[in-house]
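Below you'll find the structure, written out as structure tokens, and then a few comments.
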Amino acid sequence: MASKIAILASGSGSNAENIIRYFQKSLKFEFPLILSNKSDAFVHERAKKLGIPSFTFSRQQFLEGDEVLVFLQKYNIDYIILAGFLLKVPEQIIKAFPNKIINIHPALLPKYGGKGMYGDNVHKAVKAADDSESGITIHYVNENYDDGNIILQAKCELFSDDTPETIAQKVHKLEYEHFPKAVEMIWGKKTGMTRSGFHVFLDRG
Ligand code: GAR
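Below is the structure:
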């Protein structure tokens, strides 16, 4: 039987769409719903196009958690993917889905993590620091922002003429390539992960 995945997204939802398309012909996963905290997020348009129901809960409903949890249970959700979801996941949802919630972060954690570090803020900070590399981190979600065990990291090289926009493009490219595969690796097979996770290092951006 296919495992059911709920995707939570606050914005454009390009990762959500990429993951759903990747598994469209697979029998491993179903995507019965997308949840957002923004009624005007572009992810709803993508959901419509993909024929997947999407729902909006307010910031407060997400932070309190009970209503969202009941909703997830009503849909028999097995796993949760945060794909550009910008609110903290409340404790009762984390407890109800142990090691079953993963997040993607657009930098090499522990660098550039924590509250306020999302999307373009991250790429601007990487540029300001003049870093020679950036990348993505896919990790389990715990009670703290960007703090759970790391599952996978992938890197891209940066050059002095990179801008926050070109950094974002390089990072998105890594996300599209690795996020669906990470999902397949950790939940698609019934093998356990080691605590330290596994790492993928790509050479050139
Ligand atoms: C992605 O780059 C993701 O890594 C980032 O938001 C973007 C969402 O793009 N997530 C965070 O910053 C979480 N801290 P998308 O809506 O097009 O998938």
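Mapping the sequence shown onto my numbering, position 103 (from 1) lands on 103, and the numbers just tick up by one. In this text, a Cβ means the ideal position worked out from N, Cα and C, and glycines have one as well. Please read all numbers here as calculations on a predicted model, not as lab measurements.
Checklist entry - For residue 18, which three-state DSSP category applies? => result Within the sequence shown, numbered from 1, the residue matching residue 18 stands at position 18. Here residue 18 sits in helix by DSSP.
Checklist entry - Under three-state DSSP, which class holds residue 207? => result Here the chain has residues from 1 to 205 only, and residue 207 is not among them.
Checklist entry - Within 6 Å: the Cβ of residue 22 and any heavy atom of the ligand GAR? => result Reading the sequence shown from its first residue, position 22 is the one you call residue 22. Incorrect: residue 22 has no Cβ contact closer than 6 Å to the ligand GAR.
Checklist entry - Around the C-beta of residue 48, are 16 or more other C-beta atoms found within 10 angstroms, so that it is buried, or is it exposed? => result Numbered from 1 along the sequence shown, position 48 holds the residue referred to as residue 48. By the 10 Å Cβ count, residue 48 comes out exposed.
Item to check | Buried/exposed call for residue 74, threshold 16 Cβ in 10 Å | outcome: Numbered from its first residue, the sequence shown carries residue 74 at position 74. Burial call: exposed.
Checklist entry - Nearest CA to the CA of residue 100: which residue from 80, 24, 13, 17? => result Locating residue 100 in the sequence shown gives position 100, counting from the first residue. Nearest option by C-alpha distance: 80.
Next on the checklist: Assuming contact is defined by CB atoms lying nearer than 7 Å, are residue 83 and residue 149 in contact in what I supplied?
Outcome noted: Counting from one through the sequence shown, the residue named residue 83 turns up at place 83. Counting from one through the sequence shown, the residue named residue 149 turns up at place 149. Result no, Cβ atoms of residue 83 and residue 149 do not sit closer than 7 Å.
Next on the checklist: I believe residue 85 touches residue 182 by the beta-carbon criterion, under 8 Å. Please report the beta-carbon distance rounded to the nearest angstrom.
Outcome noted: Against the sequence shown, residue 85 aligns to sequence position 85. Against the sequence shown, residue 182 aligns to sequence position 182. That belief does not hold up - the Cβ atoms of residue 85 and residue 182 are roughly 16 Å apart, past 8 Å.
Item to check | Distance between residue 1 and residue 106 (C-alpha atoms, nearest Å) | outcome: For the purposes of this step, residue 106 is taken as the residue at position 106 of the sequence shown. For the purposes of this step, residue 1 is taken as the residue at position 1 of the sequence shown. Using only the alpha carbons, I get a separation of about 32 Å.
Checklist entry - Mind checking whether the beta-carbon of residue 105 lies closer than 6 Å to any heavy atom of the ligand GAR? => result As a working mapping, residue 105 is identified with position 105 in the sequence shown. Indeed, a heavy atom of the ligand GAR lies less than 6 Å from the Cβ.
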